[in-house]
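Student: Let me give you the structure first, and then I'll get to my questions.
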Amino acid sequence: MEGLLENFWVLLVLKLAVVALLVPVAGLIIGYGELKISAHMQARVGPYFAGGRFGWAQLIADGIKFFQKEDIIPENADRPVFRWAPTLVMLSSVSLFVVIPFGPGDPFVVRDLELGIFYALAVSSIGTLGILMAGWSSSNKYSLIGGLRAAGQLIAYELPMVLSVVGVVVLAGTMSLSGIVEAQIAFGMPYIVPQVVAFVIFMICALAEMNRIPFDMPIAESELTTGFLTEYTGFRFLFFFLAEFANMFVFAAIATTLFLGGYAPAGSEVFGIAVPALAGPVFMVAKMALLVFVMIWVRWTWPRLREDQLQTFAWKWLVPISVANIVVTAAVKVVF
Amino acid sequence: MSTNQPEDTDGVPAEPSPLAAFADEVAAAVGGTPSTDHGTVKVRVAAERWAEAVEAARDAAGLPFLEFISAIDWANDVSVGDPPEEPVEERLEVLCAVGDVVEGRLAILSADIPKEAPSIASLTHLYPGAEWHEREAAEMFGIHFEGLAKTDHLYLPDEFEGNPLRKSFALLTREVKPWPGDVDVEDLPDAVPTGPSTENPGA
Amino acid sequence: MLDQHAIRQLSEVSVSVEIETPEMTLNIGPQHPSTHGVLRLVAKVDGERITDVDPKLGYMHRGYEKLSEVRTYPQIMALVNRIDWTSGYANEVPFVVAAERLLGVEPPERAKWIRLILTEMARVSAHLLFMGSFPLELGATTPLMFSLRDRERVLDVMESLTGGRFHPNFNRIGGVKPAAGAGKEMKKQVQDLPAGFLAETRDAMVKVRSTCDELEQLIMGNEIFLARTKGIGILPPDVAVSYGVTGPNLRASGVPFDLRTMTDYLPYDQVDFEVPIGEQGDSFDRWWVRLQEIRQATRIVDQAVDKIPAGPLLAKVPKIIKVPKGETYVRAENPKGIMGYYLVSEGGQGPYRLKIRSASFSNLSMLPWILEGVLIPDLLAVMGSLDFVLGDVDR
Numbered sequence: 001m002e003g004l005l006e007n008f009w010v011l012l013v014l015k016l017a018v019v020a021l022l023v024p025v026a027g028l029i030i031g032y033g034e035l036k037i038s039a040h041m042q043a044r045v046g047p048y049f050a051g052g053r054f055g056w057a058q059l060i061a062d063g064i065k066f067f068q069k070e071d072i073i074p075e076n077a078d079r080p081v082f083r084w085a086p087t088l089v090m091l092s093s094v095s096l097f098v099v100i101p102f103g104p105g106d107p108f109v110v111r112d113l114e115l116g117i118f119y120a121l122a123v124s125s126i127g128t129l130g131i132l133m134a135g136w137s138s139s140n141k142y143s144l145i146g147g148l149r150a151a152g153q154l155i156a157y158e159l160p161m162v163l164s165v166v167g168v169v170v171l172a173g174t175m176s177l178s179g180i181v182e183a184q185i186a187f188g189m190p191y192i193v194p195q196v197v198a199f200v201i202f203m204i205c206a207l208a209e210m211n212r213i214p215f216d217m218p219i220a221e222s223e224l225t226t227g228f229l230t231e232y233t234g235f236r237f238l239f240f241f242l243a244e245f246a247n248m249f250v251f252a253a254i255a256t257t258l259f260l261g262g263y264a265p266a267g268s269e270v271f272g273i274a275v276p277a278l279a280g281p282v283f284m285v286a287k288m289a290l291l292v293f294v295m296i297w298v299r300w301t302w303p304r305l306r307e308d309q310l311q312t313f314a315w316k317w318l319v320p321i322s323v324a325n326i327v328v329t330a331a332v333k334v335v336f
Numbered sequence: 001m002s003t004n005q006p007e008d009t010d011g012v013p014a015e016p017s018p019l020a021a022f023a024d025e026v027a028a029a030v031g032g033t034p035s036t037d038h039g040t041v042k043v044r045v046a047a048e049r050w051a052e053a054v055e056a057a058r059d060a061a062g063l064p065f066l067e068f069i070s071a072i073d074w075a076n077d078v079s080v081g082d083p084p085e086e087p088v089e090e091r092l093e094v095l096c097a098v099g100d101v102v103e104g105r106l107a108i109l110s111a112d113i114p115k116e117a118p119s120i121a122s123l124t125h126l127y128p129g130a131e132w133h134e135r136e137a138a139e140m141f142g143i144h145f146e147g148l149a150k151t152d153h154l155y156l157p158d159e160f161e162g163n164p165l166r167k168s169f170a171l172l173t174r175e176v177k178p179w180p181g182d183v184d185v186e187d188l189p190d191a192v193p194t195g196p197s198t199e200n201p202g203a
Numbered sequence: 001m002l003d004q005h006a007i008r009q010l011s012e013v014s015v016s017v018e019i020e021t022p023e024m025t026l027n028i029g030p031q032h033p034s035t036h037g038v039l040r041l042v043a044k045v046d047g048e049r050i051t052d053v054d055p056k057l058g059y060m061h062r063g064y065e066k067l068s069e070v071r072t073y074p075q076i077m078a079l080v081n082r083i084d085w086t087s088g089y090a091n092e093v094p095f096v097v098a099a100e101r102l103l104g105v106e107p108p109e110r111a112k113w114i115r116l117i118l119t120e121m122a123r124v125s126a127h128l129l130f131m132g133s134f135p136l137e138l139g140a141t142t143p144l145m146f147s148l149r150d151r152e153r154v155l156d157v158m159e160s161l162t163g164g165r166f167h168p169n170f171n172r173i174g175g176v177k178p179a180a181g182a183g184k185e186m187k188k189q190v191q192d193l194p195a196g197f198l199a200e201t202r203d204a205m206v207k208v209r210s211t212c213d214e215l216e217q218l219i220m221g222n223e224i225f226l227a228r229t230k231g232i233g234i235l236p237p238d239v240a241v242s243y244g245v246t247g248p249n250l251r252a253s254g255v256p257f258d259l260r261t262m263t264d265y266l267p268y269d270q271v272d273f274e275v276p277i278g279e280q281g282d283s284f285d286r287w288w289v290r291l292q293e294i295r296q297a298t299r300i301v302d303q304a305v306d307k308i309p310a311g312p313l314l315a316k317v318p319k320i321i322k323v324p325k326g327e328t329y330v331r332a333e334n335p336k337g338i339m340g341y342y343l344v345s346e347g348g349q350g351p352y353r354l355k356i357r358s359a360s361f362s363n364l365s366m367l368p369w370i371l372e373g374v375l376i377p378d379l380l381a382v383m384g385s386l387d388f389v390l391g392d393v394d395r
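Protein chains in written order, with my numbering: chain A, 1 to 336; chain B, 1 to 203; chain C, 1 to 395.
Structural data, given as C-alpha cells:
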C-alpha cells in the first residue's frame with residue numbers, strides 16, 4: 001500500500017481528486033457561512049428550511065436549481081467568448097490550489113513549486129481576463145460598463161498586492177510557499193507581526209481582486225444589476241458564483257500562509273511537544289476561517305467605493321505605502 | 001362673498017386680517033382682484049397680462065417659490081361626476097400658486113382663457129420648475145403654453161389623443177358600466193359618544 | 001531619415017488629435033433596483049459622466065385627479081393615502097382639512113392631537129425607510145435591516161389603532177374614526193382610542209430613538225459613506241426655491257422653511273421641536289437632516305402623548321356629506337415635502353375638481369439640473385438622497 005502511495009503518479013491523481021472535490025465543497029461551506037453570518041449580523045436568521053433548522057442544504061439546493069435552469073445566450077453575444085469566460089475564472093481559482101501547503105511535507109501540497117508565490121500571483125490575474133471577456137461578450141451596455149470597471153480595478157489592485165508580498169519574500173528568503181511557512185516557524189512568530197502594513201494592504205487588495213464590497217463596482221447591484229454578470233444564467237452563473245467563494249478560500253489560504261504562519265505549529269515543536277503533521281490542515285483551516293469571517297464582516301458593513309475613489313486609493317495610497325514597506329523591510333534585513 | 005375688511009360690532013371697520021392685507025398687497029402688485037375665501041388668497045388677473053402679473057408677484061410681492069401650475073375646466077355639461085350647482089361660464093381657469101419660504105405665505109393667481117383658443121404665456125422663464133407643471137396642464141387640458149420649449153407628453157403615452165381632465169372627456173369604464181355607488185360602506189355612528197371619559201382613556 | 005525638427009512636429013501633431021469617444025445613450029429604468037419605482041431616465045453618457053438626463057414619467061399615473069371627480073369624499077379618503085405610500089397617513093390630513101374648511105366643521109381637540117401623533121409617526125416611518133434604502137444604493141446592505149426592523153414597531157402601533165400599516169384610512173370628515181369596531185354593541189360604548197395605545201406609542205418611540213443612534217454610529221462616521229455623499233449633488237437654495245423643492249431637500253440646502261411651524265389646523269404650536277437645517281445641500285446633508293427629523297418627530301410624539309386632551313373623536317356631521325360650494329387650498333408638511341390639495345366644490349357629494357400638489361413631483365423636476373455632469377455612481381447617490389416616491393410623482 002505504501003508502495004502505491006509512494007508512486008508519484010498515483011499520489012498526483014489522488015491530490016488532484018482532492019482538489020477537484022475541495023473547490024466546490026469549500027465554495028459551498030463558505031457560501032453557507034456567508035449566508036448565516038450576514039443574517040445574524042442583520043438581526044435575521046438566514047437559511048432556515050433547506051436541510052432542517054439550520055438550513056445547511058440551502059446552497060446545495062441552489063446548485064441543483066441553477067443546473068436545471070435554461071441556458072440563455074443573448075442573440076448578439078460573442079458566443080465562444082461568452083462560453084469560455086466562466087471557465088477562465090474558475091480555472092484561475094482552481095490553479096491556485098496547486099501551490100498551497102496544508103501541512104508540512106509532500107503529501108499536503110499538490111506541487112510545492114520553487115516559484116510558489118510568483119506562480120500564485122500570476123495565475124490569479126487570469127481571472128481578470130475571464131471577467132473582461134464576460135463583460136465584452138454580453139452585448140449589453142451595463143455589462144460593458146461593468147467589465148471596463150473590473151479591468152481597471154483589477155489591474156490597479158494587482159500592483160499593491162504584489163508589492164506587499166515582496167516584503168514577506170525578502171524576510172523569508174524564498175518564494176516557495178512551504179519555504180515561507182518554514183521560515184516563519186524558524187523566525188518564531190508569524191510574519192503578520194513585522195509585516196502588519198503589508199498584511200493590511202494584502203487583505204484590501206484581496207477584497208478588490210474578488211470584486212467584493214467595498215470594491216464591487218463591477219457588480220454594483222444597485223446600479224448595474226450585476227454588471228458583467230447580467231447576461232449569465234443557469235450553470236454559467238453558478239460557475240462565477242462558486243468561483244467567487246473558491247477565490248475567497250484561496251486568498252484566505254495564501255494570506256494565512258504568508259502572514260499567519262500557514263500550518264504552523266504543526267510539524268514543529270511547541271514548548272517541547274512535537275505537534276503531529278496531520279494537525280496541519282486543522283490549524284490552516286482555523287486561521288483561514290478567521291480571515292474569511294473578516295472578509296464577510298467587511299462586505300456586509302460598509303458601502304462601496306466609487307470607481308475613481310477606488311483608483312485613487314490604489315494608486316495614490318496603496319502603492320507608495322507598499323513600496324515604503326519593501327524599503328524598510330530590506331533595510332532592516334540588511335542591517336540586522 | 002369675500003369681505004376684505006371685517007367689520008366690528010359698532011360698524012367701525014376693524015384692522016384687516018393679515019391674510020386680507022397680504023391679498024391686497026399681491027393684488028396691488030400684479031394688478032388683479034383679490035379674494036380670501038376659506039383662508040386661501042386668490043387673485044384674478046387678465047390672461048393677456050399673465051406673464052407680467054406672475055413676474056410682479058415674484059419680484060414686487062416677493063414670492064419666489066413655485067407651488068404649482070394647473071387649471072380648472074368650468075363646464076355645464078359634464079360626462080363624469082356632477083355638474084355645477086348653478087350654470088357657470090364655460091372657460092378654462094389657469095391657476096398658478098406662488099409663495100415665499102420665509103413666512104410661508106401663498107397666493108394663487110388665476111386667469112380665464114376661452115376653451116376654443118386655450119392659449120396663455122408660459123412661465124418657464126420666471127420659474128424653471130414651471131416646465132413640468134405646464135407640460136402636465138397642457139396634456140391634461142389641452143392648453144397651449146406660448147414659449148414652452150418641451151411639449152412632449154409628461155404622463156400620457158406619446159400616441160394618446162384627448163385631454164383627460166376636461167369635463168368632456170369620458171371615462172371608458174364608466175361608459176361600459178355605471179358606478180355601483182356605495183356598496184360596502186360602514187354607517188357613521190348615530191350619536192357623538194357621551195359616555196364617561198377618563199383623563200387619558202387610551203393610556 | 002527624418003531630422004529632429006520633423007520628428008518633433010510629427011509627435012506634436014499626433015498628440016493634439018483628440019480621441020473622440022461617442023456619447024452613449026443609457027436607459028435607466030423603468031425596471032431598476034434603485035429608481036424608487038417605475039421611473040425611466042434616458043441619460044446621455046460620456047464615459048461615466050452624464051451629459052443630459054430626460055426623465056420619462058407616467059408609468060405609474062393612476063389618474064387621481066380625474067378619479068376624484070367621480071368619487072365621494074369618504075371614498076377619496078381611502079384613495080388618497082396611496083399617493084405617497086411610504087407615509088400613508090400624512091396624505092389624508094390636508095385633504096380632510098380642506099373638506100372640513102368648506103363644510104365649516106371644526107374637528108374636536110382630541111382628534112387634532114391624534115392627527116398630529118399619527119402624522120409624526122408617518123414621518124418617522126417614511127424617514128426610517130429612507131435611512132435603510134439610501135445606504136443600500138451605495139452598497140451597504142445592513143442598515144436596511146436595522147431600520148426596517150424598527151419601522152415595524154411603528155407600523156405595529158399604527159395597525160393596532162387604525163387597522164392598516166401603510167394605508168390607515170383613519171380620518172373622517174369632522175375628526176378621526178371613532179369606532180374601534182363595527183357592530184351595534186361596540187357603538188354603544190365609549191368611542192375612543194384602544195387601551196394601551198398611548199403606552200405602546202411611547203415604547204415605539206424609545207425603540208426608534210435607539211435605532212437612530214445605531215444607524216448614526218454605523219453610517220455617519222464611515223469614511224466610505226462620507227466620500228460617496230459629501231459634496232455630491234449640491235443644490236443651491238435659490239435654485240431649489242425656484243423649482244419648488246420642499247421638505248428635507250430644501251432644508252438641507254440651508255433654507256429654514258418648515259410648514260409645521262406655520263400650520264394652524266394641527267396643534268404644532270403647543271409642542272416643542274427643532275427644525276434641522278443643513279449647510280451645503282449635498283447628499284450627506286439631506287441624509288443628516290432626515291435623521292435629525294426622526295429624532296424630533298419622536299420628541300413631538302412623546303409630548304403629544306402626554307398633552308392629548310380627553311374628548312370626543314368626531315364632530316357632529318351629517319350622514320351623507322355634501323360640501324357646499326367653494327374653493328380652498330390646504331397644504332401640509334409631509335415627510336417628502338409640501339403636499340397640497342386645491343379643492344373646488346360645487347355642492348356635490350364629491351369634489352368638482354381636486355388638484356393634488358405632490359411633493360415629489362416638484363422635487364424631481366430639478367433632476368435634469370442637478371444631474372448634469374455627474375458620474376453614474378453619483379447619480380444614485382443623488383437620486384437616492386432626494387427621497388422621492390413614484391406614486392407621489394405620477395399620482
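Glycine included, each C-beta is placed from N, C-alpha and C at the ideal position.
Grouping DSSP H, G and I as helix and E and B as strand, with all else coil, what is N171 of chain C?
Tutor: For the purposes of this step, residue 171 of chain C is taken as the residue at position 171 of the third sequence. Note: N171 of chain C maps to strand in three-state DSSP.
Student: Taking R44 of chain B as part of the beta strand (DSSP E), name the residues at either end of that continuous run.
Tutor: Stepping through the second sequence from its first residue, residue 44 of chain B is reached at position 44. Its beta strand (DSSP E) spans residues 42 to 44.
Student: Thinking C-beta only, is Y265 of chain C closer than 9 Å to F68 of chain B?
Tutor: If you number the second sequence from 1, residue 68 of chain B lands on position 68. If you number the third sequence from 1, residue 265 of chain C lands on position 265. In this structure, Y265 of chain C does not lie closer than 9 Å to F68 of chain B by Cβ.
Student: Helix or strand or just coil, what does DSSP make of S222 of chain A?
Tutor: Residue 222 of chain A sits at position 222 when you count from the first residue of the first sequence. Because the pLDDT at S222 of chain A is just 44, under 50, the model does not fix this residue reliably, and the value given afterwards should be weighed accordingly. S222 of chain A falls in the helix class under three-state DSSP.
Student: If you measure between the beta carbons of S242 of chain C and S385 of chain C, is that distance less than 9 Å?
Tutor: Taking the third sequence and counting its residues from 1, the one referred to as residue 242 of chain C is at position 242. Taking the third sequence and counting its residues from 1, the one referred to as residue 385 of chain C is at position 385. Taking 9 Å as the Cβ cut-off, S242 of chain C and S385 of chain C do not qualify as a contacting pair.
Student: Taking the straight line between their C-alpha atoms, what separation do you get for K355 of chain C and P157 of chain B?
Tutor: Counting from one through the third sequence, the residue named residue 355 of chain C turns up at place 355. Counting from one through the second sequence, the residue named residue 157 of chain B turns up at place 157. When rounded, the distance between both Cα atoms is 21 Å.
Student: Any C-beta of chain B sitting closer than 9 Å to the C-beta of Q217 of chain C?
Tutor: Stepping through the third sequence from its first residue, residue 217 of chain C is reached at position 217. So no, Q217 of chain C is outside the interface.
Student: Please identify, using Cβ separations under 8 Å, the residues of the segment 44 to 65 of chain C that lie next to chain A, in order along the chain.
Tutor: If the cut-off is 8 Å between Cβ atoms, the segment 44 to 65 of chain C has E48 near chain A.
Student: Which of helix, strand or coil does DSSP assign to R290 of chain C?
Tutor: Position 290 of the third sequence, counted from the first residue, corresponds to residue 290 of chain C. Three-state DSSP puts R290 of chain C in a helix.
Student: Within 10 Å of its beta-carbon, does W132 of chain B have 16 or more other beta-carbons around it, so buried, or fewer, so exposed?
Tutor: Here residue 132 of chain B is taken as the residue at index 132 of the second sequence, counted from 1. Buried, by the Cβ-count rule.
Student: Could you tell me the alpha carbon to alpha carbon distance between P84 of chain B and T298 of chain C, rounded to whole angstroms?
Tutor: Counted from its first residue, the second sequence places residue 84 of chain B at position 84. Counted from its first residue, the third sequence places residue 298 of chain C at position 298. Looking at the two C-alpha atoms, the distance is approximately 45 Å.
Student: Taking only beta-carbon atoms, is A140 of chain C less than 9 Å away from chain A?
Tutor: Taking the first residue of the third sequence as position 1, residue 140 of chain C is located at position 140. Yes, A140 of chain C counts as interfacial toward chain A.
Student: Once the 5 residues before and after P86 of chain A are set aside, which same chain residues still bring their CB inside 6 Å of it?
Tutor: Here residue 86 of chain A refers to the residue found at position 86 of the first sequence. For P86 of chain A, where only same-chain residues beyond five positions count, the Cβ hits under 6 Å are R236, F239, F240.
Student: Going by DSSP, what residue range makes up the beta strand (DSSP E) through N27 of chain C?
Tutor: Numbered from its first residue, the third sequence carries residue 27 of chain C at position 27. Here the beta strand (DSSP E) through N27 of chain C covers 24 to 28.
Student: Evaluate contact between the segment 248 to 264 of chain A and the segment 104 to 124 of chain A, counting only Cβ atoms and requiring at least three cross-stretch pairs below 8 Å.
Tutor: Yes, the segment 248 to 264 of chain A is in contact with the segment 104 to 124 of chain A.
Student: Got a sec? Which residues, its chain only, sit under 8 Å from D84 of chain C by beta carbon, not counting five neighbours each side?
Tutor: Residue numbering aside, residue 84 of chain C sits at position 84 when the third sequence is read from its first letter. Same-chain partners within the cutoff: A90, N91, A126, N334, P335, K336, M339, S358, A359, S360, V389, G391, D392.
Student: Under the three-state reduction of DSSP, which class applies to H38 of chain B: helix, strand or coil?
Tutor: On the second sequence, position 38 is the one that residue 38 of chain B refers to. Three-state result, H38 of chain B: helix.
Student: Do A61 of chain B and A111 of chain B have their beta-carbon atoms positioned less than 9 Å apart in this structure?
Tutor: As a position in the second sequence, residue 111 of chain B is number 111, starting the count at 1. As a position in the second sequence, residue 61 of chain B is number 61, starting the count at 1. Cβ distance not < 9 Å, so A111 of chain B and A61 of chain B don't count as in contact.
Student: So what's P214 of chain A in DSSP terms, helix, strand or just coil?
Tutor: Within the first sequence, residue 214 of chain A is the residue found at index 214, counting from 1. P214 of chain A falls in the coil class under three-state DSSP.
Student: Candidates B:D37, B:G39, B:R44, B:H38: which alpha carbon is nearest V26 of chain B's?
Tutor: Residue mapping note: residue 26 of chain B aligns to position 26 of the second sequence, counting from 1. Measuring from the Cα of V26 of chain B, the nearest candidate turns out to be B:R44.
Student: Kindly indicate if chain C contains any beta-carbon less than 9 Å away from that of I108 of chain B.
Tutor: Here residue 108 of chain B refers to the residue found at position 108 when the second sequence is read from its first residue. I108 of chain B counts as touching chain C.
Student: What distance in whole Å lies between the Cβ atoms of L144 of chain A and W136 of chain A, which are believed to be in contact at a cut-off of 8 Å?
Tutor: As a working mapping, residue 136 of chain A is identified with position 136 in the first sequence. As a working mapping, residue 144 of chain A is identified with position 144 in the first sequence. Rounded, the Cβ-Cβ distance is 7 Å, consistent with contact.
Student: In chain B, which residues lie less than 9 Å from D394 of chain C when you measure between Cβ atoms?
Tutor: Reading the third sequence from its first residue, position 394 is the one you call residue 394 of chain C. Chain B residues near D394 of chain C: Y155.
Student: Counting only C-beta atoms, is L19 of chain B closer than 9 Å to chain C at any point?
Tutor: In the second sequence, the residue the question calls residue 19 of chain B occupies position 19. No - not a single Cβ of chain C is within 9 Å of the one on L19 of chain B.
Student: Assuming Q296 of chain C and F273 of chain C are in contact, meaning their beta carbons sit under 8 Å apart, how far apart are those beta carbons, in whole angstroms?
Tutor: Position 296 of the third sequence, counting from 1, holds the residue named residue 296 of chain C. Position 273 of the third sequence, counting from 1, holds the residue named residue 273 of chain C. That belief holds up - the Cβ atoms of Q296 of chain C and F273 of chain C are roughly 5 Å apart, short of 8 Å.
Student: Hey, could you find the ends of the beta strand (DSSP E) V45 of chain C is sitting in?
Tutor: Numbered from 1 along the third sequence, position 45 holds the residue referred to as residue 45 of chain C. Its beta strand (DSSP E) spans residues 40 to 46.
Student: For a contact defined as C-beta to C-beta under 7 Å, what are the partners of R357 of chain C on chain B?
Tutor: Mapped onto the third sequence, residue 357 of chain C falls at position 357. Those within 7 Å of R357 of chain C in chain B are E67, F68.
Student: Out of A:I321, A:W315, A:V332, which has the shortest C-alpha to C-alpha gap to L154 of chain A?
Tutor: On the first sequence, residue 154 of chain A is found 154 positions in, with the first residue counted as 1. Ranking the options by Cα distance to L154 of chain A, first place goes to A:W315.
Student: Within 9 Å (strictly less), CB to CB, does F169 of chain B reach chain C?
Tutor: Indexing the second sequence from 1 puts residue 169 of chain B at position 169. Answer yes: the Cβ-Cβ gap between F169 of chain B and chain C drops below 9 Å somewhere.
Student: In the segment 37 to 67 of chain A, which residues sit with their C-beta less than 7 Å from some C-beta in chain C, listed in chain order?
Tutor: Listed by position, the residues of the segment 37 to 67 of chain A near chain C (Cβ gap below 7 Å) are M41, Q42, A43, R44.
Student: Take the Cβ of Y191 of chain A as the centre, count every other Cβ of all protein chains shown within 10 Å, and call the residue buried at 16 or more, exposed below.
Tutor: For the purposes of this step, residue 191 of chain A is taken as residue 191 along the first sequence, with counting starting at 1. Y191 of chain A is buried by the Cβ-count criterion.
Student: Could I get the ranges of all uninterrupted beta strand (DSSP E) runs contained in the segment 47 to 77 of chain C, with 3 residues as the minimum, in chain order?
Tutor: Complete beta strand (DSSP E) runs here, min 3: 49 to 56.
Student: Which residues in chain A have a C-beta closer than 7 Å to the C-beta of R228 of chain C? List them in chain order.
Tutor: The residue given as residue 228 of chain C occupies position 228 in the third sequence. Result: P303, R306.
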